[in-house]
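In the numbering used here, the protein residues as written are 12 to 182.
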């Protein structure tokens with residue numbers, strides 16, 4: 012991490028941010044899609060690229076040491092997990108953060124507009140709330156489908172794949 016940081020700075024980067032890996036198990040993916048299909052009649056196929064039925068071969072203690080080193084130099088790490096959370100994050104698939112809200116706040120704070128003009132509440136869920144081709148952003152943000160999505164998040168807190176999504180830690 013230090014070498015990456017130093018190389019980026021030498022190339023002129025003003026800021027360097029490292030992100031934790033995103034990975035989910037096949038079971039998490041299946042549970043997630045079951046809920047998305049039930050609530051929104053679609054699967055979150057975007058999450059398929061993050062499936063790994065084995066945990067990453069990362070020594071969390073070494074990672075913690077490297078994170079301390081690069082943050083002392085000025086790098087950022089996102090999400091900013093505690094040492095205990097980093098150990099849990101990389102050593103088991105079930106992970107629930109303790110240092111962040113129990114609920115994703117992204118659906119109230121952000122929207123993603125894709126090249127096809129679809130508006131989505133989440134970057135990693137291909138659940139469209141509408142299209143700017145036919146409706147205004149205001150109308151999409153306030154439509155029944157978007158409201159149902161926010162109500163589901165409010166009720167559930169988050170969906171199965173969300174514990175590995177960096178958006179959960181954004182707000």
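Beta carbons are placed, not taken as given, at the ideal position from N, Cα and C, and that holds for glycine.
Proximity of residue i and residue j at Cβ, strictly below 8 Å
{"i": "residue 169", "j": "residue 114", "result": "yes"}
{"i": "residue 132", "j": "residue 117", "result": "yes"}
{"i": "residue 148", "j": "residue 88", "result": "no"}
{"i": "residue 163", "j": "residue 58", "result": "no"}
{"i": "residue 32", "j": "residue 71", "result": "no"}
DSSP-derived helix/strand/coil call for residue i
{"i": "residue 141", "result": "strand"}
{"i": "residue 181", "result": "coil"}
{"i": "residue 29", "result": "strand"}
{"i": "residue 89", "result": "strand"}
{"i": "residue 35", "result": "strand"}
{"i": "residue 78", "result": "helix"}
{"i": "residue 131", "result": "strand"}
{"i": "residue 62", "result": "strand"}
{"i": "residue 124", "result": "strand"}
{"i": "residue 173", "result": "helix"}
Beta carbon proximity, residue i to chain E, threshold 8 Å
{"i": "residue 69", "result": "Considering every chain present, this structure includes no chain E. It has just one protein chain."}
Length of the line joining the Cα atoms of residue i and residue j
{"i": "residue 183", "j": "residue 34", "result": "What is shown of the chain runs 12 to 182, which leaves residue 183 out entirely."}
{"i": "residue 36", "j": "residue 175", "result": "10 Å"}
{"i": "residue 86", "j": "residue 97", "result": "17 Å"}
{"i": "residue 46", "j": "residue 39", "result": "11 Å"}
{"i": "residue 179", "j": "residue 123", "result": "15 Å"}
{"i": "residue 48", "j": "residue 156", "result": "13 Å"}
{"i": "residue 21", "j": "residue 81", "result": "15 Å"}
{"i": "residue 42", "j": "residue 153", "result": "27 Å"}
{"i": "residue 25", "j": "residue 62", "result": "33 Å"}
{"i": "residue 83", "j": "residue 14", "result": "14 Å"}
Selected residue, minimal CA-CA separation from residue i, among the options
{"i": "residue 69", "options": "101, 60 and 81", "result": "101"}
{"i": "residue 109", "options": "153, 42 and 91", "result": "91"}
**Asked** Is the number of C-beta pairs between the region 41-54 and the region 134-141 that are closer than 8 Å three or more?
**Response** Result yes; three or more Cβ-Cβ pairs closer than 8 Å.
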